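Below you'll find the structure, written out as structure tokens, and then a few comments.
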Amino acid sequence: MAPVVPKTYELTEFLVDVLKVTDVGAYYPHTVTYHPTCHGLRSLGLGERPYELLRHVKGLELVELPGARECCGFGGTFAVKNADVSAAMGADKVRAAQSTGADVLCAADNSCLMHIGGTMSRLGVGMRPVHIAQILASTEEEEAEARS
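Residue numbering for the sequence shown follows numbering that gives the first Met the number 0, beginning at 0 and increasing consecutively.
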């Protein structure tokens, strides 16, 4: 039986390295900042792949997130065992995201998005957390329908 790990890819890794695609034909007319998650940086080694994909999305303005490589504070059980520290780290990440002027914070990890999104909600921040897959799947037609 073949091992599963060599056949398993993270989405951006699959698109860029396996399919050799950086422009998926997406359209997302928003200002976006990207949070490179700890898991994506350290465990998966995603590097520039998410940025490369986002740079090719039509209508998207990508702005740099200050302290991008700093943890958002979720870290699995870390958030449970160290709730106050986790909340403070999340608030720091949200403040950094707000400073960019972006209306969307993007990441490739749902747990980080859940933590950051909850922090945004508690702080009353108008920015939205969005998974990179949702951005890459967006089209002009979807945006037109959303406006009407």
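For every residue, glycine included, the Cβ atom is placed at its ideal position computed from N, Cα and C.
Since this is a predicted model, take the numbers as computed values, not measurements.
Between Y26 and V56, how many whole angstroms is the CB-CB distance? I'm expecting something under 8 Å. 7 Å
Contact between the stretch 69-88 and the stretch 134-145: three or more CB pairs below 8 Å? no
What's the call for D108, buried or exposed, on a 16-neighbour Cβ count within 10 Å? buried
With distances taken Cα to Cα, identify the nearest neighbour of L102 among G58, E60 and T30. The amino acid at residue 102 is misidentified as Leu; the sequence shows Asp. Out of G58, E60 and T30, T30 has the C-alpha closest to the C-alpha of D102.
I'd like the list of long-range same chain contacts for L43, defined as Cβ closer than 8 Å, with 5 residues on each side in sequence excluded. E9 and E12
How about G100 and V62: are their beta carbons less than 8 Å apart? yes
Within this structure, are the beta carbons of V93 and V124 separated by less than 8 Å? yes
Hey, how far is the Cα of H114 from the Cα of H38? 14 Å
Considering only residues of the stretch 100-127, which uninterrupted alpha helix (DSSP H) runs meet the minimum length of 4 residues and lie entirely inside it, listed in chain order? 109-122
Identify which residue in L14, R146, V15 and A95 has its Cα closest to the Cα of E203. This structure leaves residue 203 out entirely; the chain is present only between 0 and 147.
Have a look at A86, E51 and K19 and flag the residue whose alpha-carbon is nearest the alpha-carbon of R159. Residue 159 lies beyond the residue range present for the chain, which begins at 0 and ends at 147; the question has no answer from this structure.
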